[in-house]
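For reference, the structure is listed below as structure tokens.
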Amino acid sequence: MHLVLILLTMMVALIIQSTVLQVQPFSFVAPNLVMVLLLYVAMLRGSLVALYSGLVIGLIQDILFGSYLGLYAYTYASVGYFAGMTFRTYWSRQLVMAVLIMLGYSFVADLAAYGLSRLFGYAHVDLLAAVTHTVRIMIWNGILALLLYVPSLRLLGTERSRKLPEESL
């Protein structure tokens with residue numbers, strides 16, 4: 008899948024996240040659909056594609072919905088890059104490993120966004136409340152990652168990633 012199609016898919020995810028997931032059943036803790044898709048891009052396409060995708064979709068999210076420019080662009084770009092490096096190191100095509108790495112980076116991304124907001128004076132929330140909210144989002148992102156595992160493999164997978172050599176399995 009070309010980078011433009013990946014960004015269009017992430018734009019659709021951003022629209023779904025900002026409209027459908029903000030209504031009553033999901034509004035208590037809305038899962039971060041863009042983060043889950045970015046982590047799948049990092050897993051299946053590599054760290055540089057995830058870096059550029061995270062930077063562009065983060066800038067779009069900052070422009071449309073952010074309180075200041077650069078928060079989500081920096082968070083998504085850095086998490087996408089480091090998740091791509093982690094997946095490259097520990098990738099063994101196991102669902103459990105993929106979901107555990109996604110849970111960890113989902114937690115790190117939301118905590119980094121809180122930390123940057125707190126650093127620049129936009130967040131006036133206690134750390135314990137932020138961690139509690141971050142854990143809730145992490146759990147919902149994990150459930151969403153499980154639901155999107157097979158469609159993401161089909162959508163983002165390349166011929167090279169589908170055909171692994173026998174010794175790497």
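Numbering (the numbering used here), first residue to last: 8 to 176.
Cβ atoms here follow ideal geometry from the backbone N, Cα and C, with glycine treated the same way.
- In this structure, DSSP gives Pro-38 a state outside helix and strand, which the three-state scheme calls coil.
- Annotation: the region 61-115 contains the following complete segments of the alpha helix (DSSP H) (minimum length 4 residues), in chain order: 78-97.
- Out of Val-11, Leu-102 and Ala-37, the CA that lies nearest to the CA of Ser-60 is found in Val-11.
- Contact annotation: Gly-73 and Ala-49 have beta-carbon atoms that are not nearer than 7 Å.
- Taking a C-beta distance under 7 Å as the contact criterion, Leu-14 and Val-56 do not qualify as a contact pair.
- Annotation for Gly-122: no residue places its beta carbon closer than 8 Å to its own, counting only its chain and skipping 5 residues before and after.
- The C-beta distance from Ala-37 to Gln-29 rounds to 6 Å, short enough to meet the 8 Å contact threshold.
- Looking at Thr-26, Leu-40 and Thr-82, the one whose alpha-carbon comes closest to that of Ile-146 is Leu-40.
- For Tyr-156, the enclosing alpha helix (DSSP H) has its first and last residue at 156-163.
- Going by DSSP, Ala-20 is part of the alpha helix (DSSP H) stretching over 10-26.
- Under the three-state reduction of DSSP output, Tyr-121 falls in the helix class.
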